[in-house]
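Engineer: Quick note on this note's numbering: the sequence shown kicks off at 168 and runs consecutively. Here a beta-carbon is modelled for each residue, glycine too, at the ideal position from N, C-alpha and C. Before I ask anything, let me first share the structure, which is written out below as structure tokens.
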Amino acid sequence: MNEHLPGDVDTIPAAFVYRWMAGLYLAPPDAAALAIYRAPEGRDLMERLAPAPAIAPLVSELAALTGPDSDLDAAAGRLAAAHAAAFLVGGRRGAPPYASVWLSERGLMYQEPARAMTRLLAAAGLALPENVPEPPDHIGFQLNLLAELDERHRAG
Numbered sequence: 168m169n170e171h172l173p174g175d176v177d178t179i180p181a182a183f184v185y186r187w188m189a190g191l192y193l194a195p196p197d198a199a200a201l202a203i204y205r206a207p208e209g210r211d212l213m214e215r216l217a218p219a220p221a222i223a224p225l226v227s228e229l230a231a232l233t234g235p236d237s238d239l240d241a242a243a244g245r246l247a248a249a250h251a252a253a254f255l256v257g258g259r260r261g262a263p264p265y266a267s268v269w270l271s272e273r274g275l276m277y278q279e280p281a282r283a284m285t286r287l288l289a290a291a292g293l294a295l296p297e298n299v300p301e302p303p304d305h306i307g308f309q310l311n312l313l314a315e316l317d318e319r320h321r322a323g
């Protein structure tokens, strides 16, 4: 998981954190993914990410959900329910992960922010696969693009 990461949170590449967060926004981790956090490598990663204020609560929750005595299937179920409640439920209680919903005048999906993201992807020589059911302005795709651009910038 993190064999190429330096020793502390300040030296973990931003692109790694962007991709990690993108994955969590796109889909909740299942029991197998949670088991990785329980392994020594996953625990090490969480210890190194914990000091970052912006993600400390997330890291703390993942550590609690994947502790040695935790039921990973139950934890995965709780995360799936929370993910659905946050991102798949409409109305005032939901937090749709699409820029169009937040930035368009009527709060609709597939508006100008989605088209702008498609243009940004194309400018970077990227595109979403045709079978992807999510709009291109999903925060997970935006974070993945940010990671890609950060990696390219660092590579020179």
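(1) With DSSP collapsed to three states, give me the class of residue 277.
(2) Would you call residue 262 buried or exposed, if buried means 16 or more other Cβ atoms sit within 10 Å of its Cβ?
(3) If you measure between the beta carbons of residue 204 and residue 310, is that distance less than 8 Å?
(4) Taking C-alpha atoms, which residue in 258, 286, 284 lies nearest to residue 274?
(5) Cutting at 6 Å between CB atoms, please list the residues of its own chain near residue 232, excluding the five before and the five after it.
(6) Residues in its own chain within less than 7 Å of residue 291 by CB, not counting five upstream and five downstream?
(7) Assess contact between the region 218–227 and the region 246–255, defined as three or more Cβ pairs (one per stretch) separated by less than 8 Å. Is contact present?
Structural biologist: For this structure:
(1) Within the sequence shown, the letter at position 110 stands for residue 277. It is coil, neither helix nor strand.
(2) Translated into positions along the sequence shown, residue 262 becomes position 95. Label assigned to residue 262: exposed.
(3) Along the sequence shown, one-based indexing puts residue 204 at 37. Along the sequence shown, one-based indexing puts residue 310 at 143. Going by C-beta atoms, residue 204 is not nearer than 8 Å to residue 310.
(4) Looking up residue 274 in the sequence shown gives position 107. Residue 258 is the option with its Cα nearest to residue 274.
(5) As a working note, residue 232 is residue 65 in the sequence shown. Excluding sequence neighbours, residue 232 sits near 242.
(6) By 1-based counting over the sequence shown, the position of residue 291 is 124. The residues are 312, 315, 316.
(7) no
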